[in-house]
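Structure first, then comments.
In my numbering, the protein residues as written are 1 to 221.
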């Protein structure tokens with residue numbers, strides 16, 4: 001019996017998107033439900049708030065611009081906090097004081113991918129933001145996170161001070177938008193089928209099995 005062809009899974013998401021934080025845990029649980037299917041995961045960038053400047057803005061200004069007021073977000077936040085809790089995740093909206101532009105976060109994930117640590121880097125940045133209220137516009141915070149995920153601290157500090165791979169990340173994000181991806185997380189299976197939203201693990205596992213079976217059947221023809 002031939003070895004099944006690995007299923008390519010591109011996950012388009014942003015580190016400041018709470019449903020992406022939840023969706024990451026759900027896809028990880030889905031992969032545990034479908035351990036017999038080989039899956040090759042790639043994390044792809046998305047800019048949830050492309051209008052936020054590179055230096056970031058205060059959380060208060062951000063919530064007022066996006067939701068009308070800080071209070072308007074509180075009702076939404078309660079539901080997201082509860083959903084995160086159900087997945088064993090912690091989200092403390094009140095700790096977040098600064099809203100970052102995420103291009104540097106996506107650069108770190110891209111650089112970590114070369115070492116096979118993209119998922120770890122993504123998780124660390126999300127935990128810093130949602131759980132700890134970390135300032136992802138602070139160079140020292142980013143360098144520390146990178147070092148914890150296997151990247152060289154001084155080299156990362158030097159690279160972040162340049163525009164290295166800004167164009168690559170921007171092009172990847174634009175490609176996702178050009179394909180009609182407007183909500184995240186979006187899971188793209190075998191570069192053919194897209195599932196949008198933080199779906200339950202069982203549903204994602206079913207999609208993994210179905211698409212894997214299809215691509216392997218095609219390969220066998």
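Glycine included, C-beta positions come from ideal geometry on N, C-alpha and C. If you're wondering where the values come from, they're calculated on a predicted model, not measured in any experiment.
- Nearest to residue 88 by CA position, among 196, 25 and 149, is which residue? 25
- Item | Contact the stretch 60-67 vs the stretch 78-87: 3+ CB pairs below 8 Å | No, because fewer than three Cβ pairs between the stretch 60-67 and the stretch 78-87 fall closer than 8 Å, the two stretches do not touch.
- Message: Considering Cα atoms alone, identify which of 137, 119, 74 and 32 is closest to residue 206.
- Response: 32
- Message: Can you give me the C-alpha to C-alpha distance between residue 211 and residue 190, rounded to a whole angstrom?
- Response: 7 Å
- Who are the Cβ neighbours of residue 108 in its own chain at under 6 Å, not counting the five residues just before and after it? 121 and 146
- Query: What span of residues does the beta strand (DSSP E) with residue 42 cover, start to end?
  - Reply: 39-45
- Quick one: Cα of residue 37 to Cα of residue 27, how far? Between the C-alpha atoms of residue 37 and residue 27 there is a straight-line separation of about 13 Å.
- Item | Coil, strand or helix - residue 198 by DSSP | coil
- Item | Backbone CA spacing between residue 45 and residue 10 [nearest angstrom] | Straight-line spacing of the CA atoms in residue 45 and residue 10 works out to 10 Å.
- Query: Taking just the CA atoms, how far does residue 131 sit from residue 110?
  - Reply: 22 Å
- Message: I believe residue 137 touches residue 98 by the beta-carbon criterion, under 8 Å. Please report the beta-carbon distance rounded to the nearest angstrom.
- Response: 6 Å
- Query: In terms of residue numbering, what span does the alpha helix (DSSP H) encompassing residue 15 cover?
  - Reply: Looking at the DSSP string, residue 15 is not in any alpha helix (DSSP H), and its letter there is neither H nor E.
- Which two residues bound the contiguous beta strand (DSSP E) that contains residue 96? Careful: residue 96 lies outside any beta strand (DSSP E) and carries neither H nor E.
- Query: Can you give, in chain order, each stretch of the beta strand (DSSP E) that sits fully within the stretch 161-213 and has at least 3 residues?
  - Reply: 186-189 and 193-196
- Query: Of all the alpha helix (DSSP H) runs that stay within the bounds of the stretch 79-142, which reach a length of 4 or more residues?
  - Reply: 103-113 and 118-126
- Between which two residues does the alpha helix (DSSP H) harbouring residue 60 extend? 59-67
- Return the Cβ separation of residue 157 and residue 139 in integer angstroms, given the expectation that the two are a contact with Cβ distance under 8 Å. 7 Å
- Please work out which residues of its chain come closer than 8 Å, Cβ to Cβ, to residue 208, disregarding the five sequence neighbours upstream and downstream, and give them in chain order. Excluding sequence neighbours, residue 208 sits near 7, 9, 30, 31, 34, 37, 39 and 189.
- Message: Contact defined as beta carbons within less than 8 Å: I believe residue 225 pairs with residue 16. What is the distance between those atoms, to the nearest angstrom?
- Response: Any question about residue 225 goes unanswered here, given that the chain covers just 1 to 221.
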